[in-house]
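Peer 1: Under our numbering, the first residue of the sequence shown carries the number 21, and numbering increases by one thereafter. All C-beta atoms, glycine included, are put in the ideal place defined by N, C-alpha and C. What you are looking at is a predicted structure, and each value in this text was computed from that prediction instead of being measured. Shown below is the structure under consideration.
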Amino acid sequence: MIRQGDRWIRVLIRRIDGGSLGIFEDLTDIKRSEEKARRSLEANRTLLSELHHRVKNNLQIISSLINLQARGMDYDSCKLMRALQLRIRAMALVHELLLSNPEASTVNFASYTERLLSYLRDMYRSSVQIEADICEAEFKIETAVPLGLILNELVSNSLRHAFDDGGTIRVSLEDTSNGFLLRVSDNGRGLPEGFSLEENAGLGLNLVAGLVRQLDGTLTFESGEGTSFLIEFREPSYPWRV
């Protein structure tokens with residue numbers, strides 16, 4: 021391919037009996053379309069990066085305002101404010117990971133889980149061990165945000181209520197033939213006898229149930245010597261995406 025001024029020409033030389041045949045093909049329109057698409061893609065990446073940056077910063081501002089508002093509140097009110105901050109952090113972390121890699125359009129859930137669990141350990145300053153076994157999975161933001169909030173609620177719930185003195189929380193994500201299975205288990209005291217998600221769930225578990233419905237998934241639990249919550253889901257197709 022050769023360039024003559026602002027024109028792109030592809031030259032093909034073929035040998036034929038007694039000589040050669042030269043074929044000249046003007047590819048200028050194709051090259052211009054490719055360049056236009058490249059510039060459009062670059063502009064979209066810049067715009068998306070700026071969007072993630074602004075969302076992350078705005079969520080941090082909201083978290084700071086909540087922290088200021090909590091000053092002088094009673095203990096129970098402060099606990100509610102901290103729970104709200106943790107939910108905001110779970111959402112902000114998705115945007116942080118996308119911002120750290122402008123080329124990415126999905127979130128690596130193993131990296132996300134590692135950072136979220138580290139944050140929860142620091143926030144609760146608990147002696148409880150948290151173990152994670154996350155399969156290699158990349159999720160779009162529409163899946164990563166509700167999934168992160170679900171994980172935050174279930175782990176936080178175990179840290180607050182499952183143990184008297186130490187224990188272990190295990191988080192796993194398995195790629196199954198029907199989608200994914202997220203499991204959050206602990207070896208704590210278990211749920212009260214006769215517990216029902218429909219009748220006994222508090223705000224956190226009601227939020228989890230709503231987020232699972234958003235993912236078109238199913239939520240079940242097992243309780244005895246500890247508690248396990250199981251979320252089965254497939255990543256939705258998101259038909260509004262181009």
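Tell me which residues share the same chain as Ser176 and place their Cβ nearer than 8 Å to its Cβ, disregarding the 5 neighbours each side in the sequence.
Peer 2: Closer than 8 Å at the Cβ level, and outside the excluded window around Ser176, lie Ala103, Leu106, Leu140, Tyr144, Gly224.
Peer 1: Rounded to whole angstroms, what's the CA-CA distance from Tyr95 to His181? Just pull it up for me.
Peer 2: For Tyr95 and His181, the distance between alpha carbons rounds to 16 Å.
Peer 1: Output needed for Val228: all residues of its chain with C-beta closer than 6 Å, excluding positions within five of it in sequence on either side, in chain order.
Peer 2: Hits under 6 Å: Ile170, Glu173.
Peer 1: Please determine, among Lys160, Gly42, Thr238, the residue with the shortest C-alpha to C-alpha distance to Asn198.
Peer 2: For Asn198, the nearest C-alpha among the options comes from Thr238.
Peer 1: Go through its chain and collect everything with a Cβ distance to Thr247's Cβ below 8 Å, but skip five positions before and after it.
Peer 2: These residues qualify, in order along the chain: Ser178, Ala182, Ser205, Asp206, Gly208, Gly210, Leu211, Phe241.
Peer 1: Among residues of its own chain, excluding the 5 on either side of Arg35, which ones have a beta-carbon nearer than 8 Å to its beta-carbon?
Peer 2: These residues qualify, in order along the chain: Leu41.
Peer 1: Do Glu158 and Thr126 count as a contact pair if the criterion is CB distance below 7 Å?
Peer 2: Yes, the pair counts as a contact, with Cβ atoms nearer than the cut-off.
Peer 1: By the three-class DSSP mapping on this structure, what secondary structure does Thr163 have?
Peer 2: Three-state DSSP puts Thr163 in a helix.
Peer 1: Figure out for me which residue from Val114, Ser83, Leu113 has the closest Cα to the Cα of Leu100.
Peer 2: The candidate whose alpha carbon is nearest that of Leu100 is Ser83.
Peer 1: Classify Val262 as helix, strand or coil using the three-state DSSP reduction.
Peer 2: Reliability fails at Val262, whose pLDDT of 45 lies under 50, so the model's placement of it is uncertain and no value is given.
Peer 1: Would you mind working out which of Asp26, Ser192, Ala221, Gly187 sits nearest Ser147, comparing C-alpha positions?
Peer 2: For the residues Asp26, Ser192, Ala221, Gly187, the minimum Cα distance to Ser147 belongs to Gly187.
Peer 1: Just tell me which of Arg23, Ala90, Lys76, Arg27 has its CA closest to the CA of Arg109.
Peer 2: Among Arg23, Ala90, Lys76, Arg27, the Cα nearest to that of Arg109 belongs to Lys76.
Peer 1: List the endpoints of the continuous alpha helix (DSSP H) containing Ala110.
Peer 2: Taken as a continuous stretch (DSSP letters only), the alpha helix (DSSP H) holding Ala110 covers 95-120.
Peer 1: Report yes if the C-beta distance between Phe129 and Ile154 is below 7 Å; otherwise report no.
Peer 2: In this structure, Ile154 lies closer than 7 Å to Phe129 by Cβ.
Peer 1: Considering only residues of the same chain and omitting the five flanking positions on each side of Arg91, which have a CB-CB separation below 6 Å?
Peer 2: Cβ within range, chain order: n/a, list empty.
Peer 1: Please report the distance separating the alpha-carbon of Arg190 from that of Leu201.
Peer 2: Cα-Cα distance, rounded: 13 Å.
Peer 1: With distances taken Cα to Cα, identify the nearest neighbour of Leu231 among Arg203, Glu245, Pro166.
Peer 2: Considering only alpha carbons, the answer is Pro166.
Peer 1: Measuring straight from C-alpha to C-alpha, what distance separates Met111 and Ala152?
Peer 2: Each residue's Cα considered, the two are about 19 Å apart.
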